[in-house]
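Q: Below are the structure tokens for one structure; questions will follow.
Chains as they are written, first to last, in the working numbering: chain Y, 1 to 292; chain H, 293 to 584; chain L, 585 to 876; chain X, 877 to 1168; chain F, 1169 to 1460; chain Z, 1461 to 1752.
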């Protein structure tokens, strides 16, 4: 069960409106690696967790914090939109755009054109649960497999991609208020990368799983001769110069080797025939009488 | 540029048709963590790579192999569908389904109903580029950020989730031909988990990046006092018992601590007013005259 | 900012597992009119609200409660999945499905086939943020326009469609534990329908808006002669027998009338010509020389 | 069955081309609350209607009119695109964009960049069945539940959100031809809001349904003690000051009351264990031998 | 502008309900190649048409007919659903599904499980604007490029894929009422394939366009030496045995030839470096000082 | 199985960066008619092919070539993005956008606003598997029905729509390097249109299928009297002036005729009643007691 407090977790006030940066800031709100994604991912990982309570509670703690991050970004974007787009748009209309194509346009028009039009038409100067180009957020971004090691590895990824995007955005604005909020989110992502890496170590130390995930699958059932082999599929040899091509494997259960790609079977993938009443093209033409 | 060889990389022949397992096997073909996803992810990571050639070539090598895995799964599914669903369906029709609801139905009907109907109607006994419940594959599953450490972490995740799903499917069939192919895919996933972990080690050893990704963002610009703090947002203390709550942080740059969640600002998120001609609800009613 | 308590808001424990009802119960969790939809809709309406605090806080209160409803449904579904699908599936494999199509299949197979396969393969017996046929939840289900009257009308709709679906599901199970939870959700939907209808009355009483929404748009700017006219577009007269066809309009600003549909213009929609270098088909063939 | 007349229902001719407004006008054509949505929603409500003929015919009448509104908007957008984007784009090319970034760019370039590029590349100066940022229209916007009161409530919503968006757009252009068409659409939305409100009154007067929808569900089966209770989930008391918090409920069947949110159960949502061959993380590590 | 007549274009009455066939019949209603797709495609092609009136009117004629086909299929599906799924589902509930997995289940349960659950929960025994596995219809299925030859080729395809699917469905039922309606749709598809092929001939005879579409693009601007060359990219010679590999090209403007695939450039696709503040992985590690 | 060669199939190097053209060039990469679509379509057609080897190999040959076209476009776009967007964006920030709306903005800002923001934030100056407005590529663009004539007709369409779009783009840039690559792609599309038309001729000559597809469906089962009839559904006679309205049908099996649309049935589509526990609106109100 959840409770709400009126105060935000951290500041979310820009120095000045900026409708184009508002568009860009939708990415960490409703993009694939944005705060809605981590909020929903951690909530479902927590609610589906059948592991020890310390993992379950930790996951839900961070999920709960993330709802507050969504709140901060939504608030910041709404404030960045507190200009008067209708007014600017009216100016645009006054200055015929055809005229504009011919010469004589005003720069305001182009700027309004650079906004997300749904920030005016659909949400009336509010934020949207979408990414920076307006794709709706989808729950396909929510990952919860029931296997905590697989999922914690995803979480490290999510915090890496997320921090990367926020760092890029930090360099795309000089608004001090915006940068203040981003510096908070970047710091939390630093913690969260560390947190999930620590949780992985914890999980492995307690014997729940290890590389290759899932380690409980009996390794004698896999085709062992290709389990530690780097397969070169190209006409270059550069790819054999890395750590992945020689020495002990990272899981300590094999030795890396290199081989050229080649078929390990004579099977050319030819298919058999099926019921002619599905009207697929067969190996040889059938007379019409074969049908129904 | 790419070349094709007629022979498959490995066997893809079931002992017997099984249209319901064909439906399930769509998950590792066209699901979020299936072979199309890793094929496309690695292709785009390779083509967008601005790092050293050894990484670029390695990424494209594995991408090229993955195209062959998509081929194997597509072939296997088409072969699992080599029954005669139209015939079975006709039986179903003969045995009125209303009658069935009332009693007297035949089991064949229910089995046909358990197939993916698009395996008959749309693809005519061929595989589909979708997951096990028929959601189309989407390029939102393709991750390529330009930052190799962030992306290699994703790749470890993808190979973990993928191996997990294939291991689950291994336990859901006893068809020896299917299991033979799955044992090959599981082994390759073992290699690929190791490969990406090794590539991460290589990347860090060469000084390209490290935790927190991206490490080149000047850490003094982030709000340091919350960068190593576990924030407890619930009424339980269990979450403070893990590795993430005490000791040196995994990146070696801080010390984990624990704190109760609390607002770090007095900002309650109240918004300002905007142009009345967007007809949003304002803080106080405006007379109609305020409009246009 | 948000806080979490370990206890659920209400019971979410079934009497017995039921993987097929688990599939169906995904609809009120992750379907278009499910709890994720109202949770996200109310959160964004609250965060984008520029109206008085009593509305903003009320919206966020109910949003916060809805996060807890998502939690209850996710928990219930995970518990309904606590059977042993792998085992049943193995039985299915043992009893060749081809054999099944020919006769002799076991009922267990069909039941496993009736499950959502992603409940096994993807989430490992956990709930999924999708609807009853596995479509991912999308933020297109989130409505927040900035105009509270328009949005509260949506909220009444959402609670109506939602309650309707849960009532249907109530009749599709006899599990007492499931019905207990559903009776709680149905009661809350009763309150929420009443709550939003009361909020509409409150908003109108305070003079913020009224029919036709948005009432602040100057009505003299609309084409008044068609503003209260029911237009019959068919060969039947039945549609003129309702309340919408005669008497004072509901907004009290006009009188309903009825008319047969007819064009109010001579415009037949013919288009002009465009740049030949877009290679559209023009009114008359152009010689190739007209191109580039 | 349907018939077509060449003449439009109303004028759809702009004074002058305007490719950026064409982009924005896609919202009422192919957006979530646009004319395609109401056309499809009313068609499916009509075709699925099992209620009296007066409702069914009325719904299909308005659906048929809406097909004509889609036609008007599609025509208007195609005419707004009758500029010469290829020519302008060529100018853009001539004036190197890199040069532009360095200084010296021409305004035409930026304006072309503000268009929807698919209006040139994909539709060759024609309209598209998408919204103002290019998201494809999806049938998830089509609502038809079989329960007319639930659906008519949706229809009121749709006409409210739709009219709101068109009013916003009216203020974003000064083209008299465009405003003429919009004034017609706004007036029809005025009628349609009134029409659906009248239809709701009609439905309730005839005894088909009432609040809480569906009223035929036996209210003694819901958990009555929370059916009229406003639950405050935050640290503010503002939300208790509205009509929804005290007095008789809108349905006349209860009294509103207010309570602080609290768990009504001791259930903490802990889950049971499942088949180890799904490789989920269990409450305690299992030895590998437990697997297959 | 459009008009509606109460009578259907053709019969749409099944002999008996059949909820599983109702699920399958969604494919020609709301699937990629279903009636909604051709209805919307033809409407948009007509409304965007800048060619002669005979094409424009012909396109809108067929579009108008297709709205009536959507109506027939929607009606048929609603009638196929006139069983009592709630009752059957209740039986299912009475016969515990866990019990079912263990033995003793009833066949009715499995049949209900084979239905589309949204046919009960969401649409209350009505049709849905989705395909046979419940994917929402999307306007990405609507093709209208402004070039009639390109689009008429699409229309031939659509009528081919559509007829193929309906023929498959014809063989999957023995319900005489259903087959009667399908025999009408199949015949109309026969006409429509012929119609679009005739329209292509008409368009070419009038000089509007020809192969290669768009023929107005000056062919001397394309790289002519690869314009009629079949490129063999595999280790087999079979693909050179067809009509496409020798003789005059179909457009009469070249001669087919065969060649082995090979790079026509020395470009290995290596990329240059970009701004370090996007934190991509560069060719060589940069010191942190290079950042902001 | 597939192999990779480092060299591209053809040049992919622009004369100069151009981030706005990079956005537009996404259409032939990841749009509906782009190279990913044909690559995936041909791969699945090949893998699902049950026809003679010459077709199967030919399809996979062209599929393999298309992977290389995806590679060329991805490379070109990454190179077009080798400007310094962060720097330009910083300038934008320095010159307050609010100030811009008021006057005094810099053109660089508007240009940056015209880019696809995900080219910076998400992919760090790399290409994306999306179209020109950022919609993710979806496997719904992949067509493989098992019937080669139906599918080859689609392939002709795909190469027509694709060539049309690339020709449009050719006219939208003057960059010689870009035009060089486009002239190669246009030439290959010329070949591929010819190739699929030749393959259709080959297929028909060998007796596999013909118009109407699928020709093996017994034509006496379709409702023959409407199989060659053009149905005029409008108030204009223009549509009867084309080739499709008179003379022998294209398949040589009938004569075109023209008729006015009219119902061929008395069925008005009225539906029967269903279980009241789904709470649909019935023909007459039911007392509450009829429910559960």
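By construction, the Cβ of each residue, glycine as well, lies at the ideal position given by its N, Cα and C atoms. Since the model is a prediction, treat every value here as computed from it, not as a measurement.
So the beta strand (DSSP E) residue 1701 (chain Z) belongs to, where does it begin and stop?
A: What you label residue 1701 (chain Z) is simply residue 241 of the sixth chain in a count that begins at 1. Residue 1701 (chain Z) -> no beta strand (DSSP E), and no H or E assigned at all.
Q: Go to residue 44 (chain Y), then tell me how far its alpha helix (DSSP H) extends in each direction, as first and last residue.
A: In the first chain, residue 44 (chain Y) corresponds to position 44, counting from 1. Its alpha helix (DSSP H) spans residues 35-47.
Q: Between residue 1682 (chain Z) and residue 1358 (chain F), which are expected to be in contact by the criterion C-beta below 8 angstroms, what is the C-beta distance as a whole number of angstroms?
A: Counting from 1 along the sixth chain, the entry for residue 1682 (chain Z) is found at position 222. Counting from 1 along the fifth chain, the entry for residue 1358 (chain F) is found at position 190. With a Cβ gap of about 6 angstroms, residue 1682 (chain Z) and residue 1358 (chain F) count as contacting.
Q: When you check each C-beta in the stretch 1389-1417 of chain F against every C-beta of chain Z, which residues fall closer than 7 angstroms?
A: Listed by position along the chain: 1389, 1390, 1391, 1392, 1394, 1395, 1396, 1397, 1398, 1399, 1400, 1401, 1402, 1404, 1406, 1407, 1409, 1410, 1411, 1412, 1417.
Q: Per DSSP, what are the beta-bridge partners of residue 1720 (chain Z) in this structure?
A: Numbered from 1 along the sixth chain, position 260 holds the residue referred to as residue 1720 (chain Z). In the DSSP output, where bridge partners are listed per residue, residue 1720 (chain Z) has Z:1692.
Q: Could you name the residues that DSSP lists as bridge partners for residue 1126 (chain F)?
A: Here chain F comprises residues numbered 1169 to 1460, so residue 1126 (chain F) is not present and cannot be evaluated.
Q: Establish whether the CB of residue 879 (chain X) and some CB of chain F are separated by less than 8 angstroms.
A: By 1-based counting over the fourth chain, the position of residue 879 (chain X) is 3. Taking Cβ atoms only, chain F reaches closer than 8 angstroms to residue 879 (chain X), which makes this a yes.
Q: Going along the stretch 118-144 of chain Y in order, which residues come within less than 8 angstroms of chain X, judged by CB to CB distance?
A: Answer in chain order: 118, 120, 121, 122, 124, 133, 134, 135, 136.
Q: Could you pull out every residue in the same chain whose Cβ sits closer than 7 angstroms to the Cβ of residue 1150 (chain X), ignoring the five residues on either side in sequence?
A: As a position in the fourth chain, residue 1150 (chain X) is number 274, starting the count at 1. Within the same chain, residue 1150 (chain X) has close Cβ partners 1156.
Q: Would you be able to state if there are at least three C-beta pairs under 8 angstroms between the stretch 133-153 of chain Y and the stretch 193-208 of chain Y?
A: Because the criterion of three Cβ pairs below 8 angstroms is met, the stretch 193-208 of chain Y and the stretch 133-153 of chain Y touch.
Q: I think residue 1124 (chain X) touches residue 1106 (chain X), with their Cβ atoms under 8 angstroms apart; what is that distance to the nearest whole Å?
A: For the purposes of this step, residue 1124 (chain X) is identified with residue 248 of the fourth chain, where counting begins at 1. For the purposes of this step, residue 1106 (chain X) is identified with residue 230 of the fourth chain, where counting begins at 1. In fact, because the Cβ distance is near 14 angstroms, the residues do not count as touching under 8 angstroms.
Q: Any C-beta of chain H sitting closer than 8 angstroms to the C-beta of residue 1504 (chain Z)?
A: As a working mapping, residue 1504 (chain Z) is identified with position 44 in the sixth chain. True, the Cβ-Cβ gap to chain H drops below 8 angstroms.
Q: Below 8 angstroms, how does it come out for the stretch 447-458 of chain H and the stretch 206-216 of chain Y: are there three or more Cβ pairs, yes or no?
A: With the cut-off at 8 angstroms, the stretch 447-458 of chain H and the stretch 206-216 of chain Y touch.
Q: Please determine, among L:585, L:588, L:586, L:609, the residue with the shortest C-alpha to C-alpha distance to residue 759 (chain L).
A: In the third chain, counting from the first residue as 1, residue 759 (chain L) sits at position 175. That would be L:609, whose Cα lies nearest to the Cα of residue 759 (chain L).
Q: Using a 10 Å radius around the Cβ and a threshold of 16 neighbouring Cβ atoms, would you call residue 1111 (chain X) buried or exposed?
A: Looking up residue 1111 (chain X) in the fourth chain gives position 235. With fewer than 16 Cβ atoms within 10 Å of its Cβ, residue 1111 (chain X) is classed as exposed.
Q: Give the secondary structure of residue 1715 (chain Z) by DSSP, where H, G and I count as helix, E and B as strand, and everything else as coil.
A: Counting from 1 along the sixth chain, the entry for residue 1715 (chain Z) is found at position 255. Note: residue 1715 (chain Z) maps to strand in three-state DSSP.
Q: To the nearest angstrom, how far is it from the Cα of residue 844 (chain L) to the Cα of residue 923 (chain X)?
A: Against the third chain, residue 844 (chain L) aligns to sequence position 260. Against the fourth chain, residue 923 (chain X) aligns to sequence position 47. Approximately 21 angstroms between the Cα atoms of the pair.
Q: Expressed to the nearest angstrom, what Euclidean distance is found between the alpha-carbon atoms of residue 917 (chain X) and residue 886 (chain X)?
A: Counting from 1 along the fourth chain, the entry for residue 917 (chain X) is found at position 41. Counting from 1 along the fourth chain, the entry for residue 886 (chain X) is found at position 10. Roughly 22 angstroms separates the two Cα atoms.
Q: Can you tell which of F:1454, F:1181, F:1438, F:1431 has the C-alpha that lies nearest to the C-alpha of residue 1248 (chain F)?
A: Here residue 1248 (chain F) is taken as the residue at index 80 of the fifth chain, counted from 1. Considering only alpha carbons, the answer is F:1181.
Q: Between which two residues does the alpha helix (DSSP H) carrying residue 440 (chain H) extend?
A: By 1-based counting over the second chain, the position of residue 440 (chain H) is 148. Start and end: 440-462.
Q: Taking beta-carbon pairs under 8 angstroms, can you tell me which members of the stretch 566-580 of chain H lie near chain Y?
A: Result list: 566, 567, 569, 570, 571, 572.
Q: When we look at the beta-carbon of residue 1561 (chain Z) and count the other beta-carbons within 10 Å, is it buried (16 or more) or exposed?
A: Here the question's residue 1561 (chain Z) lines up with position 101 in the sixth chain. Its pLDDT being 44, under 50, residue 1561 (chain Z) is placed unreliably in this model, and the coordinates cannot settle the point.
Q: Hey, residue 1219 (chain F) and residue 1376 (chain F) are a contact pair by Cβ (cut 8 angstroms); roughly how many whole angstroms apart?
A: On the fifth chain, position 51 is the one that residue 1219 (chain F) refers to. On the fifth chain, position 208 is the one that residue 1376 (chain F) refers to. With 8 angstroms as the limit, residue 1219 (chain F) and residue 1376 (chain F) qualify as a contact, their Cβ atoms being about 7 angstroms apart.
Q: Select from Y:205, Y:238, Y:68, Y:129 the residue whose C-alpha is nearest the C-alpha of residue 255 (chain H).
A: Since the first residue shown for chain H is 293 and the last is 584, residue 255 (chain H) is missing from the structure and cannot be characterised.
Q: Given a threshold of 16 other Cβ atoms within 10 Å of its Cβ, counted over all protein chains shown, does residue 1430 (chain F) qualify as buried or as exposed?
A: Here residue 1430 (chain F) is taken as the residue at index 262 of the fifth chain, counted from 1. The residue is exposed, with fewer than 16 neighbouring Cβ atoms inside 10 Å.
Q: Verify the CB distance criterion: does residue 209 (chain Y) have a CB-CB separation below 8 angstroms to chain X?
A: Here the question's residue 209 (chain Y) lines up with position 209 in the first chain. It does; some Cβ of chain X falls within 8 angstroms.
Q: Where do the N-terminal and C-terminal ends of the alpha helix (DSSP H) with residue 474 (chain H) fall, by residue?
A: Taking the second chain and counting its residues from 1, the one referred to as residue 474 (chain H) is at position 182. Segment 468-497, the alpha helix (DSSP H) holding residue 474 (chain H).
Q: How many Å lie between residue 1323 (chain F) and residue 1211 (chain F) at the Cα?
A: Reading the fifth chain from its first residue, position 155 is the one you call residue 1323 (chain F). Reading the fifth chain from its first residue, position 43 is the one you call residue 1211 (chain F). Approximately 12 angstroms, taken between the alpha carbons.
Q: Which residue from H:518, H:365, H:472, H:375 puts its Cα closest to that of residue 420 (chain H)?
A: Sequence index remark: in the second chain, residue 420 (chain H) carries index 128 (1-based). Nearest of H:518, H:365, H:472, H:375 to residue 420 (chain H), Cα basis: H:365.
Q: Beta-carbon within less than 7 angstroms of residue 1159 (chain X)'s beta-carbon, same chain only, minus the 5 sequence neighbours each way: which residues are those?
A: On the fourth chain, position 283 is the one that residue 1159 (chain X) refers to. Correct list, in chain order: 1149.
Q: So if DSSP puts residue 657 (chain L) in a beta bridge, which residue, or which two residues, is it bridged to?
A: The sequence position of residue 657 (chain L) within the third chain is 73, counting from 1. Per DSSP, none; premise fails for residue 657 (chain L).
Q: Could you tell me whether the Cβ of residue 1522 (chain Z) comes closer than 8 angstroms to any Cβ of chain H?
A: Working through the sixth chain from its first residue, we reach residue 1522 (chain Z) at position 62. No - not a single Cβ of chain H is within 8 angstroms of the one on residue 1522 (chain Z).
Q: Which of the residues in the stretch 308-334 of chain H, read from start to end, lie with their CB under 7 angstroms from any CB of chain F?
A: Answer in chain order: no residues at all.
Q: With C-beta atoms as the reference, is residue 1176 (chain F) less than 8 angstroms away from residue 877 (chain X)?
A: By 1-based counting over the fifth chain, the position of residue 1176 (chain F) is 8. By 1-based counting over the fourth chain, the position of residue 877 (chain X) is 1. In contact: residue 1176 (chain F) and residue 877 (chain X) (Cβ atoms closer than 8 angstroms).
Q: Check residue 225 (chain Y) in the structure and name its three-state DSSP category.
A: By 1-based counting over the first chain, the position of residue 225 (chain Y) is 225. Helix.
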